[in-house]
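For reference, the structure is listed below as structure tokens.
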Amino acid sequence: GNSVTQMEGPVTLSEEAFLTINCTYTATGYPSLFWYVQYPGEGLQLLLKATKADDKGSNKGFEATYRKETTSFHLEKGSVQVSDSAVYFCALRALSAGGGADGLTFGKGTHLIIQP
Amino acid sequence: ETGVTQTPRHLVMGMTNKKSLKCEQHLGHNAMYWYKQSAKKPLELMFVYSLEERVENNSVPSRFSPECPNSSHLFLHLHTLQPEDSALYLCASSQAFRGLGEAFFGQGTRLTVV
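In order, the protein sequences belong to chains A and B. Residue 258 is where the first sequence starts when you use the working numbering, and the numbers rise one by one after that. Residue 168 is where the second sequence starts when you use the working numbering, and the numbers rise one by one after that.
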């Protein structure tokens, strides 16, 4: 079956530090990969995505590259801000045996805390 | 604003009550989902509807009953719940059978069972 493994937090960094949140996956075929962010009291918001190998998704200073050879999709940001404090979820979507698309499979989420 | 609206945002119910959660999407999608988010647990996919037909039911107890009357609306009917059912219930929508695009989520309903 499909699965996503990501580092569990909390991850605590100082403002302007470099961020990496690791994500690896197992899936049949060639999945699409996503990072979602959840701010306190909110639902999940799509942060970025990549749909094929070597694609780089980017948004709001965050980046992640679809690495098929290592089955990874690590999230990075060069300089984090206090407002980036949230829970980050890595997710994938793959084709089911019937040919349609399954619902998203999520990692457990990484709680990121940025201190001023 | 993601185009997916859930009501109510908060719900407190007793174990003998019957209530319903509502989800509405304005994105023209044809697949809708219910997820359960509990503290310290991964997001759990509960139900998937595609073109108004249920295509997935991940061993969810029968006290949760979904309904999808059309491609824009999804309900989760609740009855005789247990305290461990307290969680954030998230609705999402996406295009199905047309590639592997992203899902868009509502704000969630925070459910407390007392």
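Think of the CB as a built atom: it goes at the ideal place given N, C-alpha and C, for glycine as much as any other residue.
Minimum Cβ-Cβ distance from residue i to chain B less than 8 Å
| i | result |
| --- | --- |
| Thr308 (chain A) | yes |
| Glu299 (chain A) | yes |
| Gly258 (chain A) | no |
| Gly266 (chain A) | no |
| Lys325 (chain A) | no |
| Leu369 (chain A) | no |
| Leu270 (chain A) | no |
| Phe330 (chain A) | no |
| Ser315 (chain A) | no |
| Ser342 (chain A) | no |
Same chain, Cβ closer than 8 Å to residue i, neighbours up to 5 away in sequence not counted
| i | result |
| --- | --- |
| Lys309 (chain A) | Tyr287, Tyr323 |
| Pro236 (chain B) | Glu219, Phe242 |
| Arg176 (chain B) | Gln274, Gly275, Thr276, Arg277 |
| Pro250 (chain B) | Met182, Val280, Val281 |
| Asn316 (chain A) | Leu304, Leu305 |
| Arg265 (chain B) | Residue confidence for Arg265 (chain B) is low, a pLDDT of 47 falling below 50, so the modelled location carries little weight; the figure read from the coordinates is stated next. Once the five neighbours on either side are set aside, Arg265 (chain B) has no close Cβ partner at all. |
Cβ shell of residue i (< 7 Å), same chain only, five flanking positions each side left out
| i | result |
| --- | --- |
| Thr174 (chain B) | Lys189 |
| Gly195 (chain B) | none |
| Gln338 (chain A) | Glu272, Ile371 |
| Ala343 (chain A) | Val294, Gln295, Tyr296, Leu369 |
| Ala274 (chain A) | Val337 |
Any C-beta of chain A under 8 Å from that of residue i
| i | result |
| --- | --- |
| Glu219 (chain B) | no |
| Glu168 (chain B) | no |
| Gln192 (chain B) | no |
| Ala270 (chain B) | yes |
| Val281 (chain B) | no |
| Val215 (chain B) | yes |
| Pro233 (chain B) | no |
| Gln249 (chain B) | no |
Alpha carbon of residue i to alpha carbon of residue j, nearest angstrom
| i | j | result |
| --- | --- | --- |
| Ala206 (chain B) | Gly366 (chain A) | 11 Å |
| Lys313 (chain A) | Glu320 (chain A) | 7 Å |
| Lys325 (chain A) | Ser229 (chain B) | 39 Å |
| Asp311 (chain A) | Glu333 (chain A) | 15 Å |
| Asn259 (chain A) | Ser226 (chain B) | 17 Å |
| Thr172 (chain B) | Tyr256 (chain B) | 12 Å |
| Gly335 (chain A) | Glu234 (chain B) | 45 Å |
| Gly340 (chain A) | Gln204 (chain B) | The question names Gly, yet the displayed sequence has Ser at residue 340 (chain A). Using only the alpha carbons, I get a separation of about 23 Å. |
| Val222 (chain B) | Met213 (chain B) | 11 Å |
Residues near residue i in its chain [Cβ-Cβ closer than 6 Å; skip 5 each side]
| i | result |
| --- | --- |
| His240 (chain B) | Glu191 |
| Leu245 (chain B) | Lys186 |
| Tyr200 (chain B) | Val215, Ala259 |
| Glu168 (chain B) | none |
Beta-ladder partner(s) of residue i, from DSSP
| i | result |
| --- | --- |
| Val281 (chain B) | Its beta-bridge partners do not exist; DSSP assigns none. |
| Asn237 (chain B) | B:His240 |
| Gly314 (chain A) | A:Ala321 |
- [ ] Pair every Cβ in the region 337 to 355 of chain A with every Cβ in the region 281 to 298 of chain A, then say whether three or more of these pairs are closer than 8 Å.
- [x] yes
Task: Three-pair Cβ contact test at 8 Å for the region 268 to 276 of chain B versus the region 300 to 307 of chain A - done: yes
- [ ] Could you tell me whether the region 242 to 262 of chain B touches the region 268 to 283 of chain A, using the rule of 3 or more Cβ pairs below 8 Å?
- [x] no
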